[in-house]
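So the structure is just underneath, and the comments pick up after that.
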Amino acid sequence: MEKFKIQTEKLNAWFGNNHVLKDLSINIKENEATAIIGPSGCGKSTFIRCLNRMHELVPGAKSSGVVLLDNANVYARGIDPVTVRRRVGMVFQKPNPFPTMSVYDNVAAGLKLNGIRDHQKLDRAVKRSLELAFLWDEVKTQLDKSGTSLSGGQQQRLCIARALAVEPEVILMDEPCSALDPIATAKIEELIASLKDQYTVVIVTHNMQQAARVSDSTAFLYLGQLIEYGETTQLFENPTEELTERYLTGKFG
Amino acid sequence: MAVSEDSRPQQVRARARTGLVSLRPLRQFSGDGLFETFSTIFASITILIVVVASVLLVRGSIPVLQSFGTGFLSGTNWISVAGSESYGVLPYVLGTLVTSAIAIAVGVPLSLGIAIFLAEMAPWSVRNALSRVIELLAAVPSIIYGFWGLFVFRLWVRDYFEAPISRYVGALPVFQGTPFGLDILTAGLILAIMIIPTISSISKDVMMAVPSSQREAAYSLGATRWEVVRTGVLGYARSGIFGAIILGLGRAVGETMAVTMVIGNASGPAALPTSLFKQGATMASVIANEFSEAEPGSLHLSALIGIGLTLFLFALVINVFAQLMVWKVLKVRGGSVE
Amino acid sequence: MLPLASILIEVVGKGLPAISLSFLTKSTGNITDPSSGIGNAIEGTLILIGVTCLIAVPVGSFAGIYLAEFGDNKFGRTIRFLNDVLAEFPSIVIGILAFSVVVIAIGHFSAIAGAVALSIIMLPIVTRTTEESIKLVPSSIRDASMALGIRRWRTSLSIVLVTAKDGVITGIMLSIARISGETAPLLMTVLGSGFYFSGLDQPIDALPLRIYSDYKNSNYPSALAQGWGAALILIVLVLSLNLGVRLLTRGRSSFARARA
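Residue numbers (the numbering used here), protein chains in the order written: chain P, 18 to 270; chain B, 1366 to 1703; chain Z, 597 to 856.
Right, dumping it as structure tokens:
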């Protein structure tokens, strides 16, 4: 029986008075890639930002409901959101390496700024993370170069390495390939396949084919509600909901 | 990528080492609260300074205001000899107003001309180079303007400006007196030079922020180049330019050193600006001249602080007004302030 | 344009002859002595700048940080407004303020009084440019840092502020250029002196003050020449700071024009 890494129960979210997520109850399986798909504005990004308590950083944002990480509610009173974010990492749509830092410092940032100073430890962590992100070979001689001097695809892998360096258990990806060319995209999809073994990946994407390629389970959201959730091949070939089918066949986008 | 079975226990061990095992309850001391408190305190220092300044200015002025009441504002005497003291700031207020008026009268047309040239007509490279020069001009300290004004500029003004004027229209009251360059006119002209960079650069920015659709609309109606500038651009940018002028005025009012060195420093009724060629004084120049000689606690000092208070209020009103105008325009356009 | 050229020409022309190593290093002493130099004035200006920065940079930066990070409320708006008010104080009024507080307290003119006055002039500029620089850092950088589990204050200081550092340094340099030329507030706080630094609670000389007193003594030809020389040094200092800022912000337009 597969374990659920993350479970949400009746998750609701608002931006001010705007009710963007409605009673979402989704169970994310461990060591799998779960795709969240749906048309623009359906709340996909908001959903994953609730999983690592980033949603609440926006002024006027509210949420209610339960989000369980390994059966512990991350929204329980008294829980420090910082510890949640260290266990649930995030990669953003547009690559955002820290502009004043080198490749090395970017990857090490999460560790250094949390008090880890031991050079050897940092060296090992940086190497390991860059390897996991399929970037080590390309940058191993240029660790001192500025993070922003890399190409778009490399920058995104750098951001993935940076997220990996703090050893999270879950990796959230918010449309990570939408700013990248097809070759860079392919590399990242390959990367996701390899990350699944050690991590739980949740990827938001507006690209249905990508979801089909990369994920084991898929959730389809529409206007803040969960319409359908199931095993990817099943959902794509034989959706149970009519709305899902209409979306998948491109009747609306 | 093949993953060995012992990566998982390694992960757990690693997490245990760095203390990230479970969801910890909120630490009482997370540093964030301290950070916010700390920065709030520093930010409040600004408020503290403004409050203290206002209080001190008022408190320092009370003695002289009590002694002379409104006569302080309307009087023209300035006698600091103990026993027969009399203090009235009218000549200095007028001096400030007249020099600033000259500065505006001379400076604004020149500034606008420069701004129009830069915003509308100059090629990109000229605009950049010239803007840079204007900024350098704005950076020159007041005292250097004063020094130069005293030893160089006023000779020019005297020889090329005042002497001819005096010869031809010297009978007019506003040009009475033998000009030798250290007078209200020179002070006003130096102020004009000093405020041109401010007014022209802000006006230029405001004009450049006018959306090109305005210009295109004017062109399409068959307007000439100049008419496009006049109606399409200047009309739209009017309040921003007005704000820039007010800002320049604020600067002229508060300007001290350059004025002190070229205005001749008359005192009391002799400082009344009845002629452009007369020596005069402004609120700022009097304070600069007399402050270090005034006895602490004396009525003289209080009178000087009273001038300071008056000057402060002038500058405050002018600058608040200017801020409102400039901000209104530039915010609406969506452009950045500078 | 013409005035700038004239100023430069005159100052360089009249100032250059006065410059020599002894001019730059000797103290003023007796003004009528033709070998008096401006060494103490240069030293004074540097000391005043140093002490002023020590006061104004931390206060201004943190005030700017406050406004950028926490300032979206009524209190923040008040501070921003008052900061602009402070920026427009005539500098001579600031001199009165510093006089009333520090000179009265110590009992006589002093360097620290001058530094206080200059800090009040410098503070609003640093606050404003720090706030603007921080606000220019894209929010995605902040998001990335928070998502890594880095604490808010660490994010603000080690990531955001560091990213904004060019803008902040620009603001500081421009305000240094501004205060090094300020004379009026110094007239009533530091008095000027003919001698080298003798303590923060003692009068001190500074370049603009030296120029002013040379003007007062300009019937002595040596004083006049000294004034030109001092003016040259001062202009070189101010303009090189401004040009330095230009170089730093090549490619970026908004900061260099901090309305000082």
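For each residue, glycine too, the CB sits at the ideal point set by N, CA and C.
Bounding residues of the beta strand (DSSP E) (the contiguous stretch that carries residue i)
| i | result |
| --- | --- |
| HIS36/P | 35 to 41 |
| ALA1484/B | No beta strand (DSSP E) contains ALA1484/B, which DSSP labels as neither H nor E. |
| LYS1643/B | Counting along the chain, LYS1643/B falls outside any beta strand (DSSP E), and DSSP gives it neither H nor E. |
| ASP154/P | Careful: ASP154/P lies outside any beta strand (DSSP E), inside the alpha helix (DSSP H) at 153 to 156. |
| GLU49/P | First-last for GLU49/P: undefined, no H or E at that position. |
| TYR246/P | 242 to 248 |
| ASP191/P | 187 to 191 |
| GLN24/P | 21 to 32 |
| ILE220/P | 217 to 221 |
| GLY106/P | 105 to 108 |
Any chain P beta carbon closer than 8 Å to residue i
| i | result |
| --- | --- |
| GLY672/Z | no |
| MET718/Z | no |
| LEU732/Z | no |
| SER850/Z | For SER850/Z, the predicted model reports a pLDDT of 39, less than 50, meaning its position is unreliable; a value from the coordinates is still stated below. Judged by the 8 Å Cβ criterion, SER850/Z is not in contact with chain P. |
| LEU743/Z | For the sequence presented, residue 743/Z should be read as Ala rather than Leu. For ALA743/Z, the answer is yes, since a Cβ of chain P falls inside 8 Å of its Cβ. |
| VAL764/Z | no |
| VAL661/Z | Before going further, note that residue 661/Z is Ile rather than Val in the sequence given. Closer than 8 Å: no. |
| ARG774/Z | no |
| VAL712/Z | no |
Cutoff 8 Å: residue i Cβ touching any chain B Cβ
| i | result |
| --- | --- |
| LEU843/Z | no |
| GLY767/Z | no |
| ARG738/Z | no |
| PRO686/Z | yes |
| GLY840/Z | no |
| ILE746/Z | no |
| SER696/Z | yes |
Delimiting residues of the alpha helix (DSSP H) encompassing residue i
| i | result |
| --- | --- |
| ALA228/P | 225 to 231 |
| ASP301/P | Absent from the structure is residue 301/P, since the part of chain P shown begins at 18 and ends at 270. |
| MET769/Z | 761 to 776 |
| TYR1510/B | 1507 to 1513 |
| ALA1552/B | 1549 to 1573 |
| MET1626/B | 1622 to 1627 |
| ALA652/Z | 635 to 666 |
Nearest-angstrom beta carbon gap, residue j and residue i [assumed within contact, 8 Å]
| i | j | result |
| --- | --- | --- |
| ILE661/Z | SER1585/B | At roughly 49 Å, the Cβ-Cβ gap does not stay under 8 Å, so ILE661/Z and SER1585/B are not in contact. |
| GLY33/P | GLY82/P | GLY33/P to GLY82/P, Cβ: 18 Å. No contact. |
| ILE775/Z | THR1621/B | With a Cβ gap of about 14 Å, ILE775/Z and THR1621/B do not count as contacting. |
| MET769/Z | GLY840/Z | 6 Å |
| CYS176/P | ALA740/Z | 7 Å |
| ILE1467/B | ASP1548/B | At roughly 11 Å, the Cβ-Cβ gap does not stay under 8 Å, so ILE1467/B and ASP1548/B are not in contact. |
| GLY1633/B | THR1441/B | 6 Å |
| VAL108/P | ILE43/P | With a Cβ gap of about 20 Å, VAL108/P and ILE43/P do not count as contacting. |
C-beta neighbour in chain Z for residue i, strict 8 Å
| i | result |
| --- | --- |
| ILE1549/B | no |
| LEU1421/B | yes |
| ARG103/P | yes |
| CYS176/P | yes |
| ARG230/P | no |
| THR117/P | yes |
| MET1486/B | no |
| MET1622/B | yes |
| ARG1497/B | yes |
| PRO1704/B | The requested residue 1704/B does not occur in the structure, where chain B is confined to residues 1366 to 1703. |
| VAL221/P | no |
| VAL143/P | no |
| ARG1382/B | For ARG1382/B, the predicted model reports a pLDDT of 35, less than 50, meaning its position is unreliable and no value from the coordinates is stated. |
| VAL1386/B | Reliability of the predicted coordinates at VAL1386/B is poor, the pLDDT of 42 falling under 50, and no value is obtained from them. |
| ILE183/P | Sequence inspection shows Val at residue 183/P; the Ile mentioned does not correspond to that position. Interface residue, yes. |
| PHE1686/B | no |
| LEU130/P | yes |
Residue i - partner residues in DSSP beta bridges
| i | result |
| --- | --- |
| VAL265/P | The sequence as given places Leu at residue 265/P; Val does not occur at that position. Beta-bridge pairing links LEU265/P to no other residue. |
| PHE237/P | ILE54/P and GLU245/P |
| LEU86/P | ILE23/P and ALA89/P |
| LEU787/Z | ILE800/Z |
| TRP1443/B | TYR1452/B |
| ALA78/P | PHE32/P |
| SER119/P | SER163/P |
Under 7 Å by beta carbon: chain A residues contacting residue i
| i | result |
| --- | --- |
| ALA827/Z | Judged by its chain identifiers, the structure shown contains no chain A, and its protein chains are P, B and Z. |
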